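So that you can map any letter, position 11 of the sequence shown is 71 in the numbering used here, and since no number is skipped, the others follow by simple counting. Below is one structure; the comments refer to it alone.
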Amino acid sequence: MDGAQWLASCHRKPSEAYAAWEQSPYLARLPAGRDWDALRVQQPLGLTVLWELGEEADAVPVLEEHAKPRPVFYILTRPDVAGAPAWPETEDVRMLTAGEGLSMPSPDADGITGVRHHSFLWRTPPDGSGTLVAPDLLRTALKSALDPGRQAERIRAARAVFWASKRHSH
């Protein structure tokens, strides 16, 4: 199964997802809460959450929306189980779950289609395996990303990498 097949299977009628991907605006509205939930975060915070996930982030489907006033990420996670701690709900953080939906392009779509017809693109498309980040792992990464002390550590680490690359490139 490839990424498009997996994502289409998340629609109650997969053929409708494929049909939506074939006509403007090339987006299918898919329901959250059954196969996936999505953590919606502002792009800077989303980058930080992915940093906190480390190697785990390489396989996490991430949809980027170029929204105003700034882009947002939708990080796909397995649906959360009842009784789990609540997700922080702020201006920068929101969990999409049962009863909500998200418009998504096909994982096979190119970025040019997204620029011309809608504001979405896959930063990391689903690979078809159905592998999603565990909610507890994502919750921990989000908590760390929101911690001011960890933010300072990340900035120092990024600067060190940047300056090391400058020294080696000359």
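All C-beta atoms, glycine included, are put in the ideal place defined by N, C-alpha and C. This structure is a prediction, so every number in the text was calculated from the model and none was measured.
| query | result |
| --- | --- |
| Beta-carbon gap between PRO165 and TRP81 smaller than 8 Å | yes |
| Nearest residue (CA-CA) to VAL175, options GLY106, HIS126, LEU105 | HIS126 |
| Under the three-state DSSP convention, the category ASP97 falls into | strand |
| Minimum C-alpha distance to MET155 - residue among PRO185, GLN102, ASP207, ARG130 | GLN102 |
| Cβ neighbour criterion (16 or more within 10 Å) applied to VAL120 | buried |
| Stretch pair the region 109–116 + the region 77–97: three plus CB contacts closer than 8 Å | no |
| 8 Å Cβ shell around THR191 - same chain, five flanking residues per side excluded | ALA119 |
| Beta-bridge partners of ALA182, as assigned by DSSP | Residue identity differs from the one stated: residue 182 is Trp in this sequence, not Ala. Note: TRP182 sits in a beta bridge opposite LEU123. |
| CB of VAL109 within 8 Å of CB of ILE135, strictly | yes |
| Unbroken beta strand (DSSP E) run spanning LEU90, endpoints | 88–91 |
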